[in-house]
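Student: Take a look at the following structure, please.
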Amino acid sequence: MQISVIGCGYLGAVHAACMAELGHDVVGIDVDAAKVASLSAGRAPFHEPGFEEILARNIDAGRLRFSTDYADLADAQVHFIGVGTPQVPGGYAADLQYVDAAVDSVIPYLKAHPDGPTLVVGKSTVPVGTAAALAKRIAAAGDGVHLIWNPEFLREGFAVQDTIAPDRIVYGVPADESAARASQAVLDAVFADLLERDIPRLVTDYATAELVKVAANSFLATKISFINAMAELCEATGADVTELAEAIGFDDRIGKKFLRAGVGFGGGCLPKDIRAFMARAGELGVDQALTFLREVDAINDRRRDHAVELARRAAGGTFLGKKVAVLGAAFKPDSDDMRNSPALDIANTIAGQGAEVVITDPAAGPKLAELRPDMTVAEDAHAAAAGADVVMLLTEWRQFRDLDPVALKAAVRTPWIVDGRNALDPAAWRAAGWTYSGIGRP
Ligand code: UDX
Numbered sequence: 001m002q003i004s005v006i007g008c009g010y011l012g013a014v015h016a017a018c019m020a021e022l023g024h025d026v027v028g029i030d031v032d033a034a035k036v037a038s039l040s041a042g043r044a045p046f047h048e049p050g051f052e053e054i055l056a057r058n059i060d061a062g063r064l065r066f067s068t069d070y071a072d073l074a075d076a077q078v079h080f081i082g083v084g085t086p087q088v089p090g091g092y093a094a095d096l097q098y099v100d101a102a103v104d105s106v107i108p109y110l111k112a113h114p115d116g117p118t119l120v121v122g123k124s125t126v127p128v129g130t131a132a133a134l135a136k137r138i139a140a141a142g143d144g145v146h147l148i149w150n151p152e153f154l155r156e157g158f159a160v161q162d163t164i165a166p167d168r169i170v171y172g173v174p175a176d177e178s179a180a181r182a183s184q185a186v187l188d189a190v191f192a193d194l195l196e197r198d199i200p201r202l203v204t205d206y207a208t209a210e211l212v213k214v215a216a217n218s219f220l221a222t223k224i225s226f227i228n229a230m231a232e233l234c235e236a237t238g239a240d241v242t243e244l245a246e247a248i249g250f251d252d253r254i255g256k257k258f259l260r261a262g263v264g265f266g267g268g269c270l271p272k273d274i275r276a277f278m279a280r281a282g283e284l285g286v287d288q289a290l291t292f293l294r295e296v297d298a299i300n301d302r303r304r305d306h307a308v309e310l311a312r313r314a315a316g317g318t319f320l321g322k323k324v325a326v327l328g329a330a331f332k333p334d335s336d337d338m339r340n341s342p343a344l345d346i347a348n349t350i351a352g353q354g355a356e357v358v359i360t361d362p363a364a365g366p367k368l369a370e371l372r373p374d375m376t377v378a379e380d381a382h383a384a385a386a387g388a389d390v391v392m393l394l395t396e397w398r399q400f401r402d403l404d405p406v407a408l409k410a411a412v413r414t415p416w417i418v419d420g421r422n423a424l425d426p427a428a429w430r431a432a433g434w435t436y437s438g439i440g441r442p
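Just so you know, UniProt numbering puts 85 at position 85 of the sequence shown, and the rest follows in order with no gaps.
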């Protein structure tokens, strides 16, 4: 099938390459010429395991190309919209300007297709109610053109796997039954390979599909803040949150995943999605339903402050004249994404309070050096830790989890480690002569 993907950021670029991998003929459209040039040359503009391989393979096979020109999508039957919906500056709501611009730009090219209806498929995370409004604009473009809302649940670091083998697929379809049936058949053909593998597909109305995405992210954020709140209790009582999480996780109804206490959640999705959800609930007059998300957000912010406090204590009460090595800048391992990164936020705060901060990250390091010439970026953990008074592990890359405490001790001035992700074995580090300080651990 001929497919276009509008917006070639993280979500769109991975989606375009994965659709080509499924055998479709795909064009990715983006207004950013530098991004299009990089993708066209088979170079990933971001770090994502496995992405560059499928990008290059499908470009070489002639199934995948990228363009800045919307005219190049004119022949496609299915147009995915994967542009960003960032937080509005100074507010909580989602900024829909990129979604609106994408829809405005695609409308002139929408025409009924000889093989059935033409589809616009929304993948971006949007406030509930957006799809219904967009559907009206798209319907005005002519007969035989429909909108499906098909939220994306991919995780950075697992983006390819999550696109080709998702836990579930959700279609929010038009209210009109024949439009719903016809458009669902087209999207089923796009995802035929996934559906043959019995990946669950749920068909809902627009509002439910939009809500599934923000509800899932809110639940995940709540789970992390729950365990971080328990970490606060553990800190007050001398209990160990890692053992607590393991013990409650044996209950299937709770589960073990997303119960890692630490410096909290960051990234381009969870923080802004829960805020946009609160803003939308306010507009709908049901803000009380999501008051708890304020607390989820506040607990998350407190963990960052707490990590700064642990480092200050380790530095002897003041950062002045002290060197702090920060291991990790990305918001999570296997990613070079530093949007709302707890690690970078903490590093900034500590530098602002007078410490000399040296930061290192296996993937985000080069980008950081370019973006933030004010920061000292080191090649690796050993280089960062040279002469340090405090070492902070803030993103749990394998390289950091596997550090040899004996070897690292030889590099530092004072062997004090703040393990902001509870990623290290306290006994091994203490045995090597370190003062170990974790999150919610005695
Ligand atoms: C998230 C959702 O998981 C994904 O389904 C959605 O499509 C986009 O948002 P992502 O932002 O890639 O994906 O990251 P995720 O793996 O969910 O982690 C988010 C943050 O939570 C990271 O900063 C991570 O370090 C933190 N986290 C995660 C914890 O602090 N503890 C945990 O137990 C799990």
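Beta carbons are placed, not taken as given, at the ideal position from N, Cα and C, and that holds for glycine.
Would a C-beta distance cut-off of 8 Å place L368 and D361 closer than the cut-off?
Tutor: Yes, these two residues count as a Cβ contact at 8 Å.
Student: Grab the span of the alpha helix (DSSP H) containing D290 for me, first residue to last.
Tutor: Note that residue 290 is Leu in the sequence shown here, rather than Asp. Neither: L290 is in no alpha helix (DSSP H) and is coded neither H nor E.
Student: Shortest alpha-carbon distance to D305 belongs to which of D425, V263, D205?
Tutor: When only C-alpha atoms are compared, the closest one is V263.
Student: Looking at the ligand UDX, does it come within less than 7 Å of I81, judged from the CB to the closest heavy atom?
Tutor: No, since every heavy atom of the ligand UDX falls outside the 7 Å radius drawn around the Cβ of I81.
Student: When you compare only the Cα positions, how much space is there between P442 and D419?
Tutor: So the two alpha carbons sit approximately 12 Å from each other.
Student: Taking all protein chains shown into account, decide if T242 is buried (16 or more other Cβ within 10 angstroms of its Cβ) or exposed.
Tutor: Classification for T242: buried.
Student: Can the beta-carbon of V128 be found closer than 8 Å to that of T85?
Tutor: Cβ atoms of V128 and T85: not closer than 8 Å.
Student: Do you know offhand how far K409's Cα is from H382's?
Tutor: Approximately 9 Å, taken between the alpha carbons.
Student: Out of A307, T414, E370, point me to the one whose CA is closest to G440's CA.
Tutor: The candidate whose alpha carbon is nearest that of G440 is A307.
Student: Buried or exposed: where does L119 fall if 16 or more other Cβ atoms within 10 Å of its Cβ makes it buried?
Tutor: It is buried - the Cβ of L119 has at least 16 other Cβ atoms within 10 Å.
Student: Answer yes if the stretch 102 to 122 comes into contact with the stretch 59 to 68, meaning at least three C-beta pairs across the two stretches below 8 Å, and no otherwise.
Tutor: No, they do not touch.
Student: When DSSP labels each residue in this structure, what does S124 get in the three-state scheme?
Tutor: Looking at S124 - three-state DSSP - the assignment turns out to be coil, as it is neither helix nor strand.
Student: Looking at L344 and A329, is the spacing between their C-beta atoms short of 8 Å?
Tutor: Contact: yes.
Student: Just to confirm, are G122 and A131 a CB contact at a threshold of 8 Å?
Tutor: Yes, these two residues count as a Cβ contact at 8 Å.
Student: Check L39 in the structure and name its three-state DSSP category.
Tutor: Helix.
Student: Rounded to whole angstroms, what is the Cα-Cα separation between I254 and R197?
Tutor: The straight-line gap from Cα to Cα measures roughly 27 Å.
Student: Using alpha carbons as the reference points, say which of A385, V391, G387, T395 lies closest to A364.
Tutor: Here the closest residue by C-alpha is T395.
Student: Does the beta carbon of N217 fall short of 7 Å from some heavy atom of the ligand UDX?
Tutor: Because some heavy atom of the ligand UDX lies under 7 Å away, the Cβ of N217 counts as near it: yes.
Student: Heavy atom of the ligand UDX less than 7 Å from the Cβ of G262, yes or no?
Tutor: Correct: G262 has its Cβ closer than 7 Å to the ligand UDX.
Student: Can the beta-carbon of F80 be found less than 8 Å from the beta-carbon of V5?
Tutor: In this structure, V5 lies closer than 8 Å to F80 by Cβ.
Student: Going by the CB atoms, is the gap between D337 and E156 shorter than 8 Å?
Tutor: A contact, by the Cβ cut-off of 8 Å.
Student: Give the secondary structure of residue 443 by DSSP, where H, G and I count as helix, E and B as strand, and everything else as coil.
Tutor: Since the first and last residues shown for the chain are 1 and 442, residue 443 lies out of range.
Student: Quick check on the DSSP output: the beta strand (DSSP E) that includes H79 runs from which residue to which?
Tutor: Run containing H79: 78 to 81, per the beta strand (DSSP E) assignment.
Student: Is P18 near the ligand UDX, judged by its Cβ being under 7 Å from some heavy atom?
Tutor: Before going further, note that residue 18 is Cys rather than Pro in the sequence given. Not so, every heavy atom of the ligand UDX lies at least 7 Å from the Cβ.
Student: Have a look at the DSSP bridge pairing and note the partners of K323.
Tutor: Note: K323 sits in a beta bridge opposite E356.
Student: Take L293 as the anchor and find which of P415, I148, D167, V214 has the nearest alpha-carbon.
Tutor: That would be V214, whose Cα lies nearest to the Cα of L293.
Student: Tell me which residue opens and which closes the alpha helix (DSSP H) that T163 is part of.
Tutor: Taken as a continuous stretch (DSSP letters only), the alpha helix (DSSP H) holding T163 covers 159 to 164.
Student: Considering Cα atoms alone, identify which of L393, V88, N300, V160 is closest to D425.
Tutor: Of the listed residues, the one whose Cα sits closest to D425 is L393.
Student: Any heavy atom of the ligand UDX closer than 7 Å to the beta-carbon of G267?
Tutor: G267 Cβ: within cutoff of the ligand UDX.
Student: On a CA-only basis, which of A276, G116, F258, A139 is nearest V190? Give me that one, please.
Tutor: Minimum Cα distance to V190 is reached at G116.
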